[in-house]
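Visitor:
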Amino acid sequence: MKTPFPFSAIVGQTAMKQAMILTAVDPGIGGVLVFGDRGTGKSTAVRALAALLPPIRVVETCPVNSPRSADCPDWAELGSKKLVTRPTPVIDLPLGATEDRVVGALDIERALTRGEKAFEPGLLARANRGYLYIDEVNLLEDHIVDLLLDVAQSGENVVEREGLSIRHPARFVLVGSGNPEEGELRPQLLDRFGLSVEVRSPDEIGERVEVIRRRDAFESDHAAFMETYSAEDAKIRDTILKARKRLPRLVTPDGILEDCAAICIALGSDGLRGELTLLRTARALAAYQGKRKLNRDHLREIAPSALSHRLRRDPLDEAGSGTRIGRVVEEVLG
Amino acid sequence: MTPQTESWNLAALGLGLLSFAPGYLGGAIIRMRASPQRDEVLRALEPLNAHRIHPNISDEHLFGGLDLAATLKSDHIVDFKGLFDDHFIAILSMAERCSTELAAKLGHQLDLDVGHCILALDEGAEEEEATPPALSERLPFHISPIGKMPVGWRPVPAGTALVDPQSVRCSIDDLNTVTALASQFGIDSMRAPLLALRVARAHAAFSGHKKLDQRDIEVAVSLVYPQRATQIPSDVEPDTTPALEPETGAEPNADTPRDIPEGDMLVDAVRALLPPHVLAGLVPTGTARRSTGQGAGQKRKGNRRGRPLPSRPGRLDGRNRIDLVATLRAAAPWQPIRRKQNALSSKLLIRPSDIRLKRYQEQSDRLLIFAVDASGSAAVSRLNEAKGAIELLLAQAYADRDHVALISFRGLDAEILLPPTRSLVQTKRRLANLPGGGGTPLATGLQQALLLALQSRGKGLTPTVIALTDGRANIALDGSADRARASADAGKVAQLIRSHGISSLVIDMSARPQSGLEALALECDGSYLALPRADAQTLTGAVSVALGV
């Protein structure tokens, strides 16, 4: 398989790139949903993300990428318990995936040949501590969506089938992309995504030419191109690592908490997840920008992507939820 | 050269390029009905040795899976290879029937850019019946020659590769030209210029050049752009070539800077090939996109097979299907014990009690058909309310599985403004401008709604007809302006609706409730609601309550 297009070489699309970087800074934000027209680089960005993520330490043979051998699930038969450094897993959930493949199932081979009951982990196990990417998420079959909702919420995959009773951690960042023209996403699933961004094709001809130029260079002059941009990618990765270190010490003034609540009340977003995500994302942003203290500008910058998908949709409002949020944020923050 | 011959010549060239570099280009849509002409076209692609696939192909076939027969025979798991494991050249027959899901999967395979090639045979008869955009977007050529095949037509023969298309040099000016041209024709997607560039490179390599020239680009844009265009470039716009990028200086081979006349030539080349609906201005300007295919809302014909439930033990009685994998799973743990009992057999031992049956829970999607009276002076407000209500219902419908459709009737006719859909985005676009005024052909409107209801029922939906009118029917079915005949006709259609067992709701929007409409509701065995001055919110509320949405 070819190396993916480098993240830093993506032209424009700042909102999308920022959202993805922030989930890398704080995986607790809860994922990104990218909605937009065809040919705007949605899939490219997600596939490029893998190269940006800092590696993680895992037990070598653990099926769920546990950080310590004590954390490995008891059903896993471990070979070597050595700790090794691996790239953060970015697992693709293909549209046609069966339930068995997603949650895991009885290992038929072992059952048939040796008559043993053993568990064969699925995609959710492999995505633990990493990313789960669903392209065309709005076309995903309903029963798979239901499974994901449950696991994304609890961070644990519980398998009760075929006489197996197994549970294992499944904490992952959900990344979805799709084209709204092909169908809407259920609000329950929408809500599970921390951030949502809308992407559009660039309007400016210069920017468009630049997109084509880079893509062309990527295809025809691969080695040189990758060399230039992998250095750029490495810079972003370093900043992400620094931001992660800075994040716990980041000061959050009480006034900002009140602002978060005020914005969400004014917008009438359901539940408290809006406030929490808004705050977390703003903190991640402040850390990524190298600040020590959170301020209102961070809220302003991040509010549209953290809240736009949590509003009661008013279909008669042509302006779209982004504008509405901008207006409310300005009113609240003054 | 006539446009017909021109289109055939282009097709010949496209096919030649395709058989020259199938994996590099990625494929084509061949939009022709099954005919000797199409056979002739396909003959050109025979050397590719393509594998035929159909829209209902299973994922195991495409991506590999458990080979059950071999597994049972050999006692250990045998997987069979998926078609996409190698460079795969596929002919997708009846591509217009291809589901969005399959298109998305195929599109993903093309995105990997490892040399797959998909030839989609599209037999769509109507404009709406087309290959899903997720796939057509990624295929460079849309071959649909018009008119009779010229005598002695043959595809340009594929030569041997003199030059690797990948290595063909292209200058920054070429990039500029290709990109600028795409925006002039209102092509939003960034994939189109990239594909055009690939085609240009393939054409250069095909003719043995190492560098793109004017002819390569002309061929590329005339092959790639016409079917994707959404607008005709306005002549007043002079900036055919954009302001040159600062990088131009970095490119040493700026020996032939392209100036405006050449760009104009390219514009003309593409313009000559634009499909008629673009020329007729049917794509509304302002919406820079065109949905060639249907959105998922309409595309999901019939019912989903239902959501799979866990399999149950049971007996095969010819009506239900066995879940083989589940059966194997059930049998697997017992194999060592059974083998001990039955020492003679080393094969898999399956007892009737192991049999597991597949079960699905089917749920029928509901379709709300709004038939809206757009006649006379009150039309504008009523239509607006109906539009509002539809959008609100759709926005609410996310939890339910509702589709909506909109029919408006006025003057002598009824037309389907919004075919059944679930997509809010699509709905908004279609509802943007609705005409109003004229007589009230209530019967025609109801008839259209009935037809749509029957059609959609055939596709597995459960239709409900909602008629919004002020009830003064004055145009009969045959178009004559005769009040008595008109209401008699409306009554007849209402009875038809009842006899087909389609549930209905009549909403009376006149200032004073009409007894005639209540009678009409009785005749179609539906509910009657008098909602003078209803706005979108009340309307939605009333419909929700009446139908239990």
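These protein sequence lines are chains A and B, in that order. Under my numbering, the letters of the first sequence match residues 10 to 343, in that order. Under my numbering, the letters of the second sequence match residues 29 to 577, in that order. In this text, a Cβ means the ideal position worked out from N, Cα and C, and glycines have one as well.
#1: Could you work out which residues of chain A lie near B/Asp-139, taking near to mean beta carbons separated by less than 8 Å?
#2: Using a C-beta cutoff of 8 Å, does B/Ile-200 count as contacting chain A?
#3: Using beta carbons (cut-off 8 Å, strictly below), is A/Ser-17 in contact with chain B?
#4: Hey, could you find the ends of the alpha helix (DSSP H) A/Pro-313 is sitting in?
#5: Should A/Ala-24 go down as buried or exposed, given a rule of 16 or more other Cβ atoms within 10 Å for buried?
#6: Tell me the DSSP bridge mates of A/Pro-302?
#7: What residue range is occupied by the uninterrupted beta strand (DSSP E) comprising A/Asn-166?
#8: Within 10 angstroms of its Cβ, does B/Ala-298 collect 16 or more other Cβ (buried), or is it exposed?
#9: Is any beta-carbon of chain B found at less than 8 Å from that of A/Gly-48?
#10: Rounded to whole angstroms, what is the Cα-Cα separation between A/Ile-334 and A/His-318?
#11: To which residues of the same chain is B/Lys-329 closer than 6 Å at the C-beta, ignoring the five residues directly before and after it?
#12: Under a Cβ-count criterion, where at least 16 other Cβ atoms within 10 Å of its own Cβ denotes burial, should B/Asp-283 be classed as buried or exposed?
#13: List, in chain order, every chain B residue whose beta-carbon is nearer than 8 Å to that of A/Leu-148.
#14: Please return the same chain residues whose Cβ sits closer than 6 Å to the Cβ of B/Leu-272, not counting the five positions on each side in sequence.
#15: Between the beta-carbon of B/Thr-490 and the beta-carbon of B/Arg-394, is there less than 8 Å?
#16: Hey, how far is the Cα of A/Asp-155 from the Cα of A/Leu-198?
#17: Per DSSP, A/Tyr-140 forms a beta bridge with which residues?
#18: For B/Asp-351, does the three-state DSSP call read helix, strand or coil?
#19: Hey, is A/Gly-105's beta-carbon within less than 8 Å of any beta-carbon in chain B?
#20: Between the C-alpha atoms of A/Phe-181 and B/Thr-568, what's the straight-line distance to the nearest angstrom?
#21: Could you run through the segment 247-267 of chain A and flag, in chain order, every residue whose CB is less than 7 Å away from some CB of chain B?
#22: Would you kindly work out how many angstroms separate the C-alpha atoms of A/Lys-26 and A/Phe-202, rounded to a whole number?
#23: Any idea what DSSP makes of B/Val-571, helix, strand or coil?
#24: Given B/Ser-532, which residues of its chain have a CB within under 6 Å of its CB, disregarding the five upstream and five downstream residues?
#25: With DSSP as the reference, label B/Lys-386 as helix, strand or coil.
#26: Let's see if you can read the secondary structure: which residues bound the alpha helix (DSSP H) around B/Asp-517?
#27: Please list the residues of the segment 180-192 of chain A that have a C-beta atom closer than 8 Å to any C-beta atom in chain B, keeping them in chain order.
#28: With H, G and I counted as helix, E and B as strand and the rest as coil, what does DSSP make of A/Leu-87?
#29: Once the 5 residues before and after B/Thr-355 are set aside, which same chain residues still bring their CB inside 6 Å of it?
#30: Which first and last residues belong to the alpha helix (DSSP H) in which B/Leu-251 is found?
#31: What are the boundary residues of the beta strand (DSSP E) that B/Ala-56 is part of?
#32: Note down the Cα distance separating B/Ala-558 from B/Ile-535, rounded to an integer number of angstroms.
#33: Does B/Thr-207 come within less than 8 Å of chain A when only Cβ atoms are used?
#34: Ignore the nearest five residues each way along the sequence and tell me which others in B/Arg-511's own chain have a CB closer than 6 Å to its CB.
#35: Taking the continuous beta strand (DSSP E) assigned at A/Gly-113, which residues delimit it?
#36: If I follow the unbroken beta strand (DSSP E) through B/Ile-378, where does it start and stop?
Guide: Let me lay it out:
#1: Counting from one through the second sequence, the residue named residue 139 of chain B turns up at place 111. Within chain A, the residues near B/Asp-139 are Ser-52.
#2: For the purposes of this step, residue 200 of chain B is taken as the residue at position 172 of the second sequence. So, interface residue.
#3: Here residue 17 of chain A refers to the residue found at position 8 when the first sequence is read from its first residue. No, its Cβ sits nowhere closer than 8 Å to a Cβ of chain B.
#4: Position 304 of the first sequence holds residue 313 of chain A. Where A/Pro-313 is concerned, the enclosing alpha helix (DSSP H) stretches over 305-316.
#5: Counting from 1 along the first sequence, the entry for residue 24 of chain A is found at position 15. Per the 10 Å Cβ criterion, buried.
#6: One-based indexing of the first sequence puts residue 302 of chain A at position 293. Correcting the residue identity first, residue 302 of chain A is Lys in this sequence and not Pro. Per DSSP, A/Val-260.
#7: Residue numbering aside, residue 166 of chain A sits at position 157 when the first sequence is read from its first letter. Taken as a continuous stretch (DSSP letters only), the beta strand (DSSP E) holding A/Asn-166 covers 165-170.
#8: In the second sequence, counting from the first residue as 1, residue 298 of chain B sits at position 270. First, the amino acid is wrong: residue 298 of chain B is Val here, not Ala. Buried.
#9: To locate residue 48 of chain A, count along the first sequence from 1; it is residue 39. Yes, because at least one Cβ of chain B sits closer than 8 Å to the Cβ of A/Gly-48.
#10: Reading the first sequence from its first residue, position 325 is the one you call residue 334 of chain A. Reading the first sequence from its first residue, position 309 is the one you call residue 318 of chain A. Each residue's alpha carbon lies about 11 Å from the other.
#11: Along the second sequence, one-based indexing puts residue 329 of chain B at 301. Here B/Lys-329 scores only 31 on pLDDT, less than 50, and its place in the model is too uncertain to base an answer on.
#12: On the second sequence, residue 283 of chain B is found 255 positions in, with the first residue counted as 1. Confidence at B/Asp-283 is low in this model, with a pLDDT of 37, below 50, so the placement of that residue is unreliable and no value is reported for it.
#13: Looking up residue 148 of chain A in the first sequence gives position 139. Within 8 Å Cβ-Cβ: Thr-128, Glu-129, Ala-132 and Ala-324.
#14: Counted from its first residue, the second sequence places residue 272 of chain B at position 244. Annotation note: pLDDT 38 at B/Leu-272 (below 50); position unreliable, no value reported.
#15: Locating residue 490 of chain B in the second sequence gives position 462, counting from the first residue. Locating residue 394 of chain B in the second sequence gives position 366, counting from the first residue. Taking 8 Å as the Cβ cut-off, B/Thr-490 and B/Arg-394 qualify as a contacting pair.
#16: Translated into the one-based positions of the first sequence, residue 155 of chain A becomes position 146. Translated into the one-based positions of the first sequence, residue 198 of chain A becomes position 189. So the alpha carbons of these two residues sit roughly 8 Å apart.
#17: In the first sequence, the residue the question calls residue 140 of chain A occupies position 131. Beta-bridge pairing links A/Tyr-140 to A/Val-99 and A/Val-182.
#18: What you label residue 351 of chain B is simply residue 323 of the second sequence in a count that begins at 1. Residue state, collapsed to three classes: coil.
#19: Within the first sequence, the letter at position 96 stands for residue 105 of chain A. So, interface residue.
#20: Numbered from its first residue, the first sequence carries residue 181 of chain A at position 172. Numbered from its first residue, the second sequence carries residue 568 of chain B at position 540. Answer to the nearest angstrom: the Cα atoms are 39 Å apart.
#21: none
#22: Sequence index remark: in the first sequence, residue 26 of chain A carries index 17 (1-based). Sequence index remark: in the first sequence, residue 202 of chain A carries index 193 (1-based). Between A/Lys-26 and A/Phe-202, the C-alpha separation is close to 16 Å.
#23: Here residue 571 of chain B refers to the residue found at position 543 of the second sequence. Residue state, collapsed to three classes: helix.
#24: Your numbering for residue 532 of chain B matches position 504 in the second sequence. Result list for B/Ser-532: Val-493, Ile-525, Cys-552 and Gly-554, in chain order.
#25: Sequence index remark: in the second sequence, residue 386 of chain B carries index 358 (1-based). Strand, per DSSP.
#26: Here residue 517 of chain B is taken as the residue at index 489 of the second sequence, counted from 1. 511-527 is the extent of the alpha helix (DSSP H) around B/Asp-517.
#27: Asn-188, Pro-189, Glu-190, Glu-191 and Gly-192
#28: Indexing the first sequence from 1 puts residue 87 of chain A at position 78. In the structure shown, A/Leu-87 sits in coil (DSSP, three-state: anything other than H, G, I, E or B).
#29: For this step, residue 355 of chain B is matched to residue 327 along the second sequence. The answer, listed in chain order, is Asp-382, Ile-383 and Arg-384.
#30: Looking up residue 251 of chain B in the second sequence gives position 223. Here the alpha helix (DSSP H) through B/Leu-251 covers 242-252.
#31: Along the second sequence, read from residue 1 onward, the residue named residue 56 of chain B stands at position 28. First-last of the beta strand (DSSP E) with B/Ala-56: 55-59.
#32: What you label residue 558 of chain B is simply residue 530 of the second sequence in a count that begins at 1. What you label residue 535 of chain B is simply residue 507 of the second sequence in a count that begins at 1. Rounded to the nearest angstrom, the two C-alpha atoms are 6 Å apart.
#33: The count along the second sequence starts at 1 and reaches residue 207 of chain B at position 179. Closer than 8 Å: yes.
#34: Here residue 511 of chain B is taken as the residue at index 483 of the second sequence, counted from 1. Cβ neighbours of B/Arg-511 beyond the five flanking positions: Asn-502.
#35: For the purposes of this step, residue 113 of chain A is identified with residue 104 of the first sequence, where counting begins at 1. Its beta strand (DSSP E) spans residues 113-115.
#36: Residue numbering aside, residue 378 of chain B sits at position 350 when the second sequence is read from its first letter. Run containing B/Ile-378: none; DSSP gives neither H nor E here.
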